[in-house]
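A.B. asks: Okay, here's the structure, questions in a sec.
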Amino acid sequence: MDIFEALRHYFGYNSFRNNQEEIIRHITQGHDALVLMPTGGGKSICYQIPALTMPGTAIVVSPLISLMKDQVETLQANGIEAEALNSGNDPSADLVIRRRCLQGSIKLLYISPEKLLSEIDYLLSHIHISLFAIDEAHCISQWGHDFRPEYTQLGILREKFPKTPIMALTATADKITRHDIIEQLNLHDAREFISSFDRPNLSLSVKRGYKAAEKMHFILNFIKARPLEAGIIYCLSRKTTEKVAEDLRKKGIHAAPYHAGLSNLERSQTQEMFKNDQLLVVCATIAFGMGIDKSNVRWVIHYNMPKSIESFYQEIGRAGRDGAPADTILFYSLADIVQLSEFARQSGQQDINMDKLKRMREYAESNVCRRRILLNYFSEQTDHDCGNCDICENPPQRFEGTRHVQMALSAVKRTDEQIRISTIVEILKGMRSPTVVRHQYDQLKTFGVGKDISSSDWQDYLLQMLQMGFIEIAYNEGNKVRITDIGNDVLYGRKEAMLCVIDHSTQEEPRRKPKLRLEIPSITIPGLPPTTGIEDPRLFEALRNLRSTCANEEGFPPYIVFTDKVLHALATIKPTSLEQFGNISGIGEHKKQKYGNRFVEVIKKYV
Ligand code: ADP
Ligand code: ZN
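Quick note on the numbering used here: the sequence shown kicks off at 156 and runs consecutively.
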């Protein structure tokens, strides 16, 4: 079978994406490679197709049992001989797998790094190995964010198997890490394949300055508009994950917290239920995600701002891995910035971490297309706006805000720059708080000059002033506010200041715009009229139910039976014969035979 036949037969896809074909050819010719692709970019196929078309067994090193399980199930569901060797197996299962390896009947063997090292002179030296694939290869580097000491010994592979191609794959690696990976694995003349980091199916949106109650209101509306869709809410602290999950549950939404303080059992139960669509919302700290390959996560909300663009991109990357549209929302506030700066200062790497935070803020505070900023951060320039972020859809409105800025700055000035943001607001609003009274700020000329503007709007204007560089926060001096040189220019009337009109809508997020509808493959299917391109939502629901039934029968998560993308294509194209069914992108031979008739029966009722 050639590589195109394998792609069609096993995975049901008609063409390769980006540089998949080039990578696959490079490996099948026996060379080493480093593959950098974003999450959901399609890394797996880069070693799975060579594994299927080359003689022997491909060895795939993977750091987590849950990831291996997911991959093996996905392959088995496509009729491919794949197994995993790890500490989670019982000895008798291990024995069967080993025997099958020796007989040469397994095409892909997933293995943990520990197991690989202990088998290197035993099982591995007795089987014909087609290639090694090192997944999550950044784990080898101390520079990466997920260092795993077991990975550092993998360098021995090149020595023991001088002729077998090695492929390292990762979704996150800067230049130093990439260099480190190649060096530590002793790769020979490895070619680096770097794909675009763009994930056009993810919408990007930022909400600033929301209070807790407003966030909750927004989130509730957001979830209600997507009743059957799974999503993740990332929070900064364990306590917040529990509080948010609790508040959602009170409103009848099935949500659970996930953080490092819960028992292993609780965590794995939450993860399993989420994978199986039995739990729709997980409120998590960053600990959640690495072991999740669930392809139908439809949205990600950041309840607090993340500490860097790398973390942010990795976390939103967990949405929409199937390529169907998915939404991401980032909330951020002054309080987040103050707290994250505090963390950065205490981190022991203050300069680096403050800089990362600054770049993250630039994203959140941007007035230009957000995707351009993200791609730019990963050294990728584009010449057009994306059309799928809040800035592109609603460019910010501005007004002449010099007077507002002067009011706030004059309050700061008259206290000799001794106050924090919260006290500025109290002075402007004319509130006799303990701090105000203690320092007799109620005697200032500015006391109460801004009482017609709400406190939350003042917070927002102050945040904008920070973004525009009119003020700074002295993080090492109790977060007191300082006026900058350009701030003084505005204060003394030498410069004007434009402010953004505040949008406090916690209204229901509008549903995705039709222009973001999935691109449905343009193949002509024999016997079917050209597709109208319009999906039947009732049929989609019926197909989703059937998918759940099949998943239950087989003990697989639903997204392994078919991805959301396949269901959307079915609900749009509506194939009514087995042959037409098999022509849908993402349905290979095995799934066509296994599920075709049942799905076609349902579709016929909606034609
Ligand atoms: P990664 O490992 O890079 O996160 P995956 O390998 O899981 O990504 O691929 C993400 C999704 O894209 C999967 O649903 C996969 O089947 C799909 N995919 C990969 N390659 C192609 C292709 N050539 N055509 C269509 N879909 C593809
Ligand atoms: Zn944009």
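Idealized CB from N, CA, C, for every residue including glycine. These figures come from a predicted structure and were not determined experimentally.
Looking only at its chain, what residues have a beta carbon closer than 8 Å to the beta carbon of Lys462, apart from the 5 residues adjacent to it on each side?
C.D. replies: So the qualifying residues of the chain are Leu495, Phe498, Ala499, Asn508, Lys511, Leu512 and Met515.
A.B. asks: Here's the rule: buried if 16 or more other CB atoms are within 10 angstroms of the residue's CB, otherwise exposed. What is Lys670?
C.D. replies: Residue confidence is low: Lys670 scores 40 on pLDDT, short of 50, so the model does not pin down where it sits. Its coordinate-derived value is still stated next. So Lys670 ends up on the exposed side.
A.B. asks: Leaving out the 5 sequence neighbours to the left and right, which residues in its chain are closer than 8 Å to Glu177 when beta-carbon positions are compared?
C.D. replies: Closer than 8 Å at Cβ, skipping near neighbours: Phe348.
A.B. asks: Under the assumption that Leu272 contacts Gln308 (Cβ atoms under 8 Å), give the Cβ distance between them as a whole number of angstroms.
C.D. replies: That pair is a contact at about 6 Å.
A.B. asks: Measuring straight from C-alpha to C-alpha, what distance separates Gly234 and Lys749?
C.D. replies: So the two alpha carbons sit approximately 10 Å from each other.
A.B. asks: Would you say Ile528 touches the ligand ZN, meaning its beta carbon is less than 7 Å from a heavy atom?
C.D. replies: For the ligand ZN, not one heavy atom lies less than 7 Å from the Cβ of Ile528.
A.B. asks: Report yes if the C-beta distance between Ile484 and Lys362 is below 8 Å; otherwise report no.
C.D. replies: Against a cut-off of 8 Å, the Cβ pair of Lys362 and Ile484 comes out as a contact.
A.B. asks: Classify Ala367 as helix, strand or coil using the three-state DSSP reduction.
C.D. replies: Residue state, collapsed to three classes: helix.
A.B. asks: For the segment 725-739 against the segment 694-702, do three or more pairs of beta-carbon atoms, one drawn from each stretch, fall closer than 8 Å, so that the two count as touching?
C.D. replies: With the cut-off at 8 Å, the segment 725-739 and the segment 694-702 touch.
A.B. asks: At 3 residues or longer, and completely inside the segment 281-317: list those beta strand (DSSP E) runs for me, N to C.
C.D. replies: 284-289, all fully within the segment 281-317.
A.B. asks: Looking at the secondary structure, which residues open and close the beta strand (DSSP E) in which Phe486 lies?
C.D. replies: Here the beta strand (DSSP E) through Phe486 covers Ala481 to Tyr487.
A.B. asks: Locate the alpha helix (DSSP H) running through Lys635, then write down its first and last residues.
C.D. replies: Element bounds for Lys635: not the alpha helix (DSSP H) but the beta strand (DSSP E), Lys635 to Ile638.
A.B. asks: Measure the beta-carbon distance from Thr440 to Ala415 and round it to whole angstroms, keeping in mind my assumption that it falls under 8 Å.
C.D. replies: About 7 Å; that satisfies the 8 Å criterion.
A.B. asks: State the Cα-Cα distance for the pair Glu384 and Leu403, rounded to the nearest angstrom.
C.D. replies: Approximately 15 Å between the Cα atoms of the pair.
A.B. asks: Once the 5 residues before and after Ser267 are set aside, which same chain residues still bring their CB inside 6 Å of it?
C.D. replies: Excluding sequence neighbours, Ser267 sits near Asn241.
A.B. asks: May I ask you to report which of helix, strand or coil DSSP gives Ile456?
C.D. replies: Strand, per DSSP.
A.B. asks: Can you check DSSP and say which residues form a bridge with Lys362?
C.D. replies: Phe486.
A.B. asks: In the DSSP output, which residue or residues are listed as bridge partners for His655?
C.D. replies: It should be pointed out that residue 655 corresponds to Cys in this sequence rather than to His. Note: Cys655 sits in a beta bridge opposite Arg553.
A.B. asks: If we count the other Cβ atoms within 10 Å of its Cβ and call it buried at 16 or more, is Leu733 buried or exposed?
C.D. replies: Under this definition Leu733 is an exposed residue.
A.B. asks: Is the beta carbon of Val721 less than 8 Å from the beta carbon of Ile742?
C.D. replies: Going by C-beta atoms, Val721 is nearer than 8 Å to Ile742.
A.B. asks: From the DSSP output, read off the bridge partner residues of Arg346.
C.D. replies: Paired residue(s): Ala188.
A.B. asks: Taking 7 Å as the cut-off, does the CB of Asp540 come closer than this to any heavy atom belonging to the ligand ZN?
C.D. replies: It does: the Cβ of Asp540 is within 7 Å (strictly closer) of some heavy atom of the ligand ZN.
A.B. asks: What first and last residue would you give for the beta strand (DSSP E) that runs through Glu160?
C.D. replies: Run containing Glu160: none in the beta strand (DSSP E); it sits in the alpha helix (DSSP H), Ile158 to Ala161.
A.B. asks: If Met209 and Thr183 are in contact, beta carbons under 8 Å, what's the gap, nearest whole angstrom?
C.D. replies: With 8 Å as the limit, Met209 and Thr183 qualify as a contact, their Cβ atoms being about 6 Å apart.
A.B. asks: Considering only residues of the same chain and omitting the five flanking positions on each side of Lys370, which have a CB-CB separation below 6 Å?
C.D. replies: Excluding positions up to five away in sequence, the list reads Phe486.
A.B. asks: Which class does Glu338 belong to by DSSP, given the choice of helix, strand or coil?
C.D. replies: Here Glu338 sits in helix by DSSP.
A.B. asks: What residue does the alpha helix (DSSP H) around Thr208 start on, and which one ends it?
C.D. replies: Unbroken alpha helix (DSSP H) run through Thr208: Ser199 to Thr208.
A.B. asks: Quick test of the definition: if touching needs 3 or more C-beta pairs under 8 Å, does the segment 608-622 touch the segment 589-599?
C.D. replies: Judged by Cβ distances under 8 Å, the segment 608-622 makes no contact with the segment 589-599, as fewer than three pairs qualify.
A.B. asks: Using 7 Å as the cut-off, classify the Cβ of Lys101 as near or not near the heavy atoms of the ligand ADP, replying yes or no.
C.D. replies: A query on residue 101 cannot be resolved here, the shown segment of the chain reaching from 156 to 762 and no further.
A.B. asks: Round the Cβ separation of Ser358 and Asp477 to the nearest angstrom and send it over; I've been treating them as touching at under 8 Å.
C.D. replies: 15 Å between Cβ atoms; not a contact.
A.B. asks: Do Leu646 and Tyr616 count as a contact pair if the criterion is CB distance below 8 Å?
C.D. replies: Cβ distance not < 8 Å, so Tyr616 and Leu646 don't count as in contact.
A.B. asks: Closest to Tyr532 by CA distance: which of Ser450, Ala345, Leu564 and Phe352 is it?
C.D. replies: Of the listed residues, the one whose Cα sits closest to Tyr532 is Phe352.
A.B. asks: Once you ignore the five residues that flank His801 on each side, which residues in its own chain have a CB closer than 6 Å to its CB?
C.D. replies: For residue 801 there is no data in the structure shown, the boundaries of the chain being 156 and 762.
A.B. asks: Note down the Cα distance separating Glu470 from Ile464, rounded to an integer number of angstroms.
C.D. replies: In a straight line, the C-alpha of Glu470 is about 10 Å away from that of Ile464.
A.B. asks: How would you label Ile331, buried or exposed, when you count the other beta carbons within 10 angstroms and need 16 or more for buried?
C.D. replies: With fewer than 16 other Cβ atoms within 10 Å, it is exposed.
A.B. asks: Under 8 Å between C-beta atoms, does Gln552 make it to chain B?
C.D. replies: Note that chain B does not occur in the displayed structure, where there is just one protein chain.
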